[in-house]
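Q: Please read through the structure below; I'll follow up with questions.
Protein chains in written order, with the working numbering: chain D, 1 to 421; chain L, 422 to 782.
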């Protein structure tokens, strides 16, 4: 028999291979068109905003565009221990003059003042001189500016300007970790009593961790019950689990406020059964306790549902087999049942942890000062200080944190071991 | 070594799940040591419930179960030391074959060397050496089945229960596994209680078969007797194929009775009929009726062929005989085959001793 295979032709005389490829291509285009709207939606609502957020968080172009000549001249400034050469002074003067004409000089002053305190005063001084046309462009600008204020004679200030030259900066990210670029450009920590962000990050991780833990210990038995009860009871229980889903998040949080406040129902009950004195009601709200209680309740379904879907698939005969082979009920549970629920545990914990780490409304309402999370800080910068680039930087740090957790999880348990339903 | 004839004993056991219906009624059953006993019956007949009570997953509502003379009703399943093979094998999917087999030994705190030895022995018993590191999902159905059997035997239990273990296998595999389980039983002499609804499985494997229906043991006897001498019409119907005639006893003596059908009379062997006028169902195995019998038989009739179905090794012929069009004949496929054609008339004969007059259906 010859090893050569004859080319198969369709009835039209086209090689079958070609004809098949053509048909498949058509199908591929069709399939792509079907998912295209979703893809577009994702790009517009997800990938694009994240990209924009990233650009905002590192963007420092404003000042780069304001002082183009200065930064160009500074490239030739070699001895950084000494004041820059005349050329830098002249370029700065020219840039500044242009800004003053366009009424943009104020922004520059504020921006430089953020870099180093005291800039606002000396730039305003320079502005007044320019306005009164007191600067003589035919002689050394360096000397004239240096005479205006002693700070102009301090090389630190010129170094501060130089530091703002790159159009991108990591300063916001450092600020999110309570660090900053010191005068010499090295990364330095802020003083100990001003390290607020690090506390918030740690608290966010801590609360997310414990909320996950509480949800797990409460959700596991519920899910087990759901999976083993006869249909008519399990449906009812399922509704109880899902009920929070059907209620507005705000309403649920508000009802926790009613329950947990010092004159609230839980405290009333404690007083009634004599657990605490009427004049000694514990604070259960506007602190971590409130955040723990409310967040655990709200996130519980996210733990129960993946666990339930995994437990539902575990045959009851496995536990029976474990017992008939001589395992005590505990051994049968621990060696047989529990390992089989790990995919559900992984999915539930990951889900709850990731949701908890970015939780906003509940801690904002019941958290008080000691129960707020990093998301509340982000919102604060979005709405109050209007420092969007800082908010973006912290948002991205949060996102990165979640991705890192996901990566660790993948290393430890394996993502293909997750079962959401 | 004398075998204990009452190694497992069900003593007047009742079981009810809802307090209204008894799924097992007054069960009295003795199982001898080393015996292979099969509980056979349609679904819902109570056979699996009996097995679950023996395994300890259900408790009897009334009565006692004894294992080697000890009452076990209050002993939890993990202390009974009874091996069990489950319907869908119930292999632990997250453990390798080795770990599955080692599980019962590890919980008994057997030493590592001893475990290795026993697992190896159990695996060689089901000819699965070299499969230790496989996961159950990497095994075929038949292999999983063998692992399940090995796991139930590896800790040397006194009794092994098997709950329809071959139900999920295809026909050929099922047959070869039947022989394999039978051989394992013969070689190690363990007591096996086997539950199935497949009568051919029960007939090929068992020492004795208990036919269950309606929560009761209808007949407990060895396979041959069960097939040849069913004691009532349920057993006759359930085991093997069966031609039945419903009628009334018109004459009876010691080993023969005359049964009046709608428009004829036949001679039969009185099993559960005692006197004239009783209603009865006469049961006759298809292979006991012969076409054109050469010798004299005391029942001779003529029937009309309605259908001929070729089965390879035999041919099934459906006849219209004595007013019933459901009379089945099995004709062996031999060279002296007759020409069998539809709507042909043929002579049929059988001996009255093979026609068993049982309780009315």
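No residue lacks a Cβ here, since even glycine has one placed at the ideal position from N, Cα and C.
By DSSP, does residue 2 of chain D sit in helix, in strand, or in coil?
A: The predicted model places residue 2 of chain D with a pLDDT of 47, which falls under 50 and marks its position as unreliable, so this point remains unresolved.
Q: In the DSSP assignment, the alpha helix (DSSP H) including residue 319 of chain D goes from what residue to what residue?
A: 316 to 324 is the span of the alpha helix (DSSP H), which, as asked, contains residue 319 of chain D.
Q: Measuring alpha carbon to alpha carbon, tell me which residue in L:472, L:685, L:509 is nearest residue 743 of chain L.
A: Measuring from the Cα of residue 743 of chain L, the nearest candidate turns out to be L:685.
Q: Between the alpha carbons of residue 304 of chain D and residue 214 of chain D, how many angstroms are there, rounded?
A: Rounded to whole angstroms, residue 304 of chain D to residue 214 of chain D spans 12 Å at the Cα level.
Q: Can you round the beta-carbon distance between residue 509 of chain L and residue 589 of chain L to whole angstroms, since I take them to be within the 8 Å contact cut?
A: Rounded, the Cβ-Cβ distance is 6 Å, consistent with contact.
Q: Among L:738, L:776, L:657, which one has its Cα closest to the Cα of residue 782 of chain L?
A: When only C-alpha atoms are compared, the closest one is L:657.
Q: In or out: residue 426 of chain D buried (at least 16 other Cβ within 10 Å) or exposed?
A: For residue 426 of chain D there is no data in the structure shown, the boundaries of chain D being 1 and 421.
Q: In whole angstroms, what separates the C-alpha of residue 87 of chain D from that of residue 78 of chain D?
A: About 12 Å.
Q: Under the rule that 16 or more other beta-carbon atoms within 10 Å means buried, what is residue 389 of chain D, buried or exposed?
A: That one is buried.
Q: Can you grab the Cα-Cα spacing for the pair residue 436 of chain L / residue 467 of chain L, in whole Å?
A: Cα to Cα, the separation comes out at about 9 Å.
Q: Under three-state DSSP, which class holds residue 327 of chain D?
A: Looking at residue 327 of chain D - three-state DSSP - the assignment turns out to be coil, as it is neither helix nor strand.
Q: Can you say whether residue 288 of chain D is buried or exposed, counting buried as having 16 or more other CB atoms within 10 angstroms of its CB?
A: Counting Cβ neighbours within 10 Å, residue 288 of chain D comes out buried, since at least 16 surround it.
Q: Below 8 Å on the Cβ atoms is my contact criterion, and I expect residue 779 of chain L with residue 692 of chain L to pass it. Report the Cβ-Cβ distance as a whole number of Å.
A: The pair is a contact, with the Cβ atoms about 6 Å apart (cut-off 8 Å).
Q: I'd like the span of the beta strand (DSSP E) that includes residue 723 of chain L, first residue to last.
A: 720 to 731 is the extent of the beta strand (DSSP E) around residue 723 of chain L.
Q: Between residue 332 of chain D and residue 344 of chain D, which are expected to be in contact by the criterion C-beta below 8 Å, what is the C-beta distance as a whole number of angstroms?
A: That pair is no contact at about 18 Å.
Q: If we count the other Cβ atoms within 10 Å of its Cβ and call it buried at 16 or more, is residue 128 of chain D buried or exposed?
A: It is exposed - the Cβ of residue 128 of chain D has fewer than 16 other Cβ atoms within 10 Å.
Q: Excluding five sequence neighbours on each side, which residues of the same chain lie with their C-beta closer than 7 Å to the C-beta of residue 424 of chain L?
A: Excluding positions up to five away in sequence, the list reads 453, 454, 455.
Q: Classify residue 492 of chain L: buried if its beta carbon has 16 or more other beta carbons within 10 angstroms, exposed otherwise.
A: Exposed, by the Cβ-count rule.
Q: Count Cβ pairs between the stretch 620 to 635 of chain L and the stretch 459 to 478 of chain L that sit closer than 8 Å; are there 3 or more?
A: Flag = yes, the stretch 620 to 635 of chain L and the stretch 459 to 478 of chain L touch.
Q: Measuring only between beta-carbons, confirm whether residue 515 of chain L sits less than 7 Å from chain D.
A: Answer yes: the Cβ-Cβ gap between residue 515 of chain L and chain D drops below 7 Å somewhere.
Q: Determine the chain D residues that contact residue 540 of chain L at a beta-carbon separation under 7 Å, and present them in chain order.
A: Near residue 540 of chain L there are no residues of chain D at all, since even the closest Cβ is about 13 Å away, more than 7 Å.
Q: Between residue 571 of chain L and chain D, is there a C-beta pair that is closer than 7 Å?
A: Taking Cβ atoms only, chain D never reaches closer than 7 Å to residue 571 of chain L, which makes this a no.
Q: State buried or exposed for residue 622 of chain L, treating a residue as buried only when at least 16 other CB atoms are found within 10 Å of its CB.
A: The residue in question, residue 622 of chain L, is buried, as its Cβ has 16 or more Cβ neighbours within 10 Å.
Q: Under 6 Å Cβ to Cβ from residue 530 of chain L, same chain only, skipping five residues before and after it: list those, please.
A: None.
Q: For residue 691 of chain L, which residues does DSSP report across the bridge?
A: Beta-bridge pairing links residue 691 of chain L to L:778.
Q: Identify the contact partners of residue 523 of chain L in chain D, using a Cβ-Cβ distance below 9 Å as the criterion.
A: Near residue 523 of chain L there are no residues of chain D at all, since even the closest Cβ is about 10 Å away, more than 9 Å.
Q: Along the stretch 203 to 231 of chain D, what residues have a CB closer than 8 Å to any CB found in chain L?
A: Per Cβ criterion, the list is empty.
Q: At which residues does the alpha helix (DSSP H) containing residue 334 of chain D begin and terminate?
A: Per DSSP, residue 334 of chain D belongs to no alpha helix (DSSP H) and is neither H nor E.
Q: Note down, in chain order, every chain L residue with its Cβ under 8 Å from the Cβ of residue 195 of chain D.
A: By Cβ distance, chain L contributes nothing, its closest Cβ being about 46 Å from residue 195 of chain D, past 8 Å.
Q: Per DSSP, residue 739 of chain L is paired with what?
A: Residue 739 of chain L pairs with L:728, L:749.
Q: Using the three-state DSSP reduction, which class does residue 668 of chain L fall into: helix, strand or coil?
A: The answer is strand: DSSP assigns residue 668 of chain L an E or B state.
Q: At 3 residues or longer, and completely inside the stretch 174 to 253 of chain D: list those beta strand (DSSP E) runs for me, N to C.
A: Within the stretch 174 to 253 of chain D, the complete beta strand (DSSP E) runs of at least 3 residues are 179 to 181, 187 to 189.
Q: Going by CA-CA distance only, name the one from D:318, D:44, D:53 that's closest to residue 172 of chain D.
A: Considering only alpha carbons, the answer is D:53.
Q: For chain L, check one thing: does any of its Cβ atoms lie closer than 7 Å to the Cβ of residue 186 of chain D?
A: Not an interface residue.
Q: Which residues in chain L have a C-beta closer than 7 Å to the C-beta of residue 328 of chain D? List them in chain order.
A: Simply 499.
Q: Determine the extent of the beta strand (DSSP E) in which residue 524 of chain L is found, giving its start and end residues.
A: Careful: residue 524 of chain L lies outside any beta strand (DSSP E), inside the alpha helix (DSSP H) at 518 to 527.
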